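In our numbering, the protein residues as written are -14 to 55. Even for Gly, the Cβ is constructed at its ideal location relative to N, Cα and C. The structure presented is a predicted model; accordingly, all values stated were derived computationally and were not measured. Worksheet: the structure to be examined is printed underneath.
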Amino acid sequence: MSTPIEIDQTWAAHGPAGAVGSVQRSGGDFYVSLPGEDARRGPYESLDVAKRALHAALGPGAERPDFTEH
């Protein structure tokens, strides 16, 4: 289970099948959350790196999801 962090911003990731995860910013760090996983991945040093990590976690051949800030 992930240690609680204060979330400053969130980007939802959507693929052809619907929601596939999210990226959260806490201070200067970025984290990735995926459905079905209790633990958050990261920290990553930038939003772009976190988005690439989320895309990679979807597996080979997965389309890059669209990210929408919430």
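- The beta strand (DSSP E) runs lying completely inside the segment 12 to 53 and spanning 3 residues or more are 14 to 18 and 26 to 29, given in chain order.
- Here DSSP, grouped into helix, strand and coil, assigns threonine -5 to strand.
- Under DSSP, valine 5 takes part in no beta bridge, so it has no partner.
- Between the beta-carbon of glycine 3 and that of serine 18 there is about 15 angstroms, and that puts the pair past the 8 angstroms contact cut.
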